[in-house]
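So the structure is just underneath, and the comments pick up after that.
Numbering (the working numbering), first residue to last: 1 to 384.
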């Protein structure tokens, strides 16, 4: 959602070369999901190509509502481009090893961002982040130490996920058992609360736009919840007070734990009911080639999914954050791969927001969230 005009502008060249008209239907996020859910599950021919947010992949690819791209490539004697960034490309194969069903076209990855003029050496663990944030907020710069989103639901969960993963526990185990009542999750939330104390007031109401604004106006020194649309603002001289003063990269993690940057990548898949699958396949391959991806990046600020573009000199001159974004992408991990994740994050985010607002203690928040998430997943048949 929000990218219709960009797709139309690039697709005109395809129509001129092939005679195939590409009609783009743009809908709000929730409406897109609802319409695709109906069309794909009923295998209607309403759409020939679908743009999918990566949390939707478990439902649509896992449910085998998308055409096998392995079969399509075999049919034309071709292979997917070797230029796709591996972690982003891998999102289209779900369950892992079951075969490719979608290609990434918009490389959205969450990054850790820090002010390189205030911080000599980037903090690599969450303990380091807390110490650095406390030092900055207690200093003379007038800058808050950290930016965190605490608004209920998706915002609070999205800010919390890299922290708890950095302690070695995701919110759900690989078999979808909630892990919020663990020592690691409690350490992560206590860390988040220390970071809240170093953040601008009102963290329990902070949303995506607020956190980005706090970064580009110079109000905060760090955040582990910055996304490419905000990086464009941070590096925009007409908007930002900190151009050239922000570095980005993988999320911090405690000693012995691998960093994990969250993906928000968009992918293209062919609905199983499409009557124009061959033409849709041809278009999606053309659309994800280097020339089109570079046009999307340079003219429309769409983050790439092809490795060469992250290192392209012309692109990096315009968007200096691209090498850091690639570094983050190599550590990219999707949100838990259950089709019920949106319900899970709503529950978790409600309790996180209450904890950030000081309405409930950390352990109580996590224990209640753990119970509710388990009950929710049992009700929906994800857990027994």
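Cβ coordinates follow ideal geometry from the N, Cα and C atoms, glycine included.
Computed from a predicted structure; not experimentally measured.
Cross-strand partners of residue i (DSSP beta bridge)
| i | result |
| --- | --- |
| residue 282 | In DSSP, residue 282 forms no bridge with anything. |
| residue 178 | 172 |
| residue 249 | 112 |
| residue 104 | 267 |
| residue 261 | 332 |
| residue 222 | 114 |
Best match in the options for proximity to residue i [C-alpha to C-alpha]
| i | options | result |
| --- | --- | --- |
| residue 236 | 215, 294, 198 | 215 |
| residue 94 | 79, 67, 85 | 67 |
| residue 249 | 305, 357, 330, 232 | 330 |
| residue 288 | 318, 350, 82 | 82 |
| residue 64 | 184, 271, 3, 261 | 271 |
| residue 13 | 324, 233, 292 | 292 |
| residue 32 | 3, 238, 368 | 3 |
| residue 344 | 380, 315, 325 | 380 |
| residue 242 | 231, 261, 217, 262 | 217 |
| residue 282 | 134, 308, 20, 357 | 20 |
| residue 24 | 30, 15, 7 | 7 |
| residue 37 | 57, 22, 26, 18 | 57 |
| residue 378 | 359, 338, 355 | 338 |
| residue 230 | 151, 266, 319, 183 | 319 |
| residue 135 | 18, 34, 198 | 198 |
| residue 334 | 171, 210, 349 | 171 |
| residue 332 | 359, 99, 265 | 265 |
| residue 60 | 35, 78, 75 | 35 |
| residue 26 | 15, 5, 130 | 5 |
| residue 295 | 315, 280, 279, 307 | 315 |
| residue 239 | 247, 213, 18 | 213 |
| residue 245 | 133, 359, 355, 321 | 321 |
| residue 84 | 309, 364, 382, 299 | 309 |
| residue 15 | 77, 280, 355, 349 | 280 |
| residue 364 | 98, 183, 78 | 183 |
| residue 80 | 342, 286, 349 | 286 |
| residue 247 | 62, 122, 98 | 122 |
| residue 424 | 336, 129, 356 | As shown, the chain starts at 1 and ends at 384. That puts residue 424 outside it, with no answer to give. |
| residue 328 | 137, 18, 130, 86 | 86 |
Supposed close pair residue i, residue j - CB separation, criterion 8 Å
| i | j | result |
| --- | --- | --- |
| residue 420 | residue 189 | Absent from the structure is residue 420, since the part of the chain shown begins at 1 and ends at 384. |
| residue 219 | residue 201 | Not a contact, Cβ separation roughly 11 Å. |
| residue 284 | residue 103 | 6 Å |
| residue 225 | residue 148 | 7 Å |
| residue 311 | residue 303 | Not quite, the Cβ-Cβ distance comes to about 14 Å (not below 8 Å), so this is no contact. |
| residue 351 | residue 368 | 6 Å |
| residue 124 | residue 252 | 6 Å |
| residue 88 | residue 107 | 6 Å |
| residue 150 | residue 353 | 5 Å |
| residue 105 | residue 268 | 6 Å |
| residue 396 | residue 186 | Coverage of the chain is limited to positions 1 through 384, which leaves residue 396 absent and any answer about it impossible. |
| residue 22 | residue 11 | 4 Å |
| residue 232 | residue 301 | 5 Å |
| residue 307 | residue 326 | 7 Å |
| residue 262 | residue 100 | That pair is no contact at about 22 Å. |
Which whole runs of the alpha helix (DSSP H) in the stretch 292-364 are 4 residues long or more, in chain order? Segments of the alpha helix (DSSP H) lying fully in the stretch 292-364: 307-310, 313-318, 322-329, 341-356.
Mind pulling the beta strand (DSSP E) runs of 3 or more residues that sit fully within the stretch 49-99? Qualifying beta strand (DSSP E) stretches, in chain order: 50-53.
For the stretch 154-172 against the stretch 244-261, are there 3 or more C-beta pairs whose distance is under 8 Å? Verdict: yes, contact present.
Just to confirm the assignment: which complete beta strand (DSSP E) runs, minimum length 3, are found wholly within the stretch 107-193? Note on the stretch 107-193: whole beta strand (DSSP E) runs with a minimum of 3 residues are 111-115, in chain order.
Can we say the stretch 38-49 touches the stretch 271-279, given the rule of at least three CB pairs closer than 8 Å? At 8 Å Cβ cutoff, the stretches touch.
Counting Cβ pairs closer than 8 Å, one from the stretch 70-81 and one from the stretch 48-60, do we hit at least three? Counting C-beta pairs with one atom in each stretch, the stretch 70-81 and the stretch 48-60 have fewer than three that are closer than 8 Å, which means they do not touch.
Whether or not the stretch 204-215 and the stretch 148-156 are in contact is what I'm after, with contact meaning three or more pairs of Cβ atoms, one per stretch, closer than 8 Å; do they touch? By the Cβ test, the stretch 148-156 is in contact with the stretch 204-215, since at least three Cβ pairs between them sit closer than 8 Å.
Specify whether the stretch 132-145 and the stretch 110-119 touch according to this definition: at least 3 beta carbon pairs, one from each stretch, less than 8 Å apart. As far as the Cβ criterion goes, the stretch 132-145 touches the stretch 110-119, which means the pair count is three or higher.
Tell me whether the stretch 173-191 and the stretch 107-114 touch, counting them as touching only if at least three CB pairs, one residue from each stretch, are closer than 8 Å. Short answer: they don't touch.
Do three or more CB pairs link the stretch 176-187 to the stretch 353-373 at distances below 8 Å? A contact is defined here as three or more CB-CB pairs under 8 Å, and the stretch 176-187 meets this definition with respect to the stretch 353-373.
Unbroken alpha helix (DSSP H) runs of length 4 or more, entirely within the stretch 10-51: which are they? Counting only runs of 4 or more, we get 29-41.
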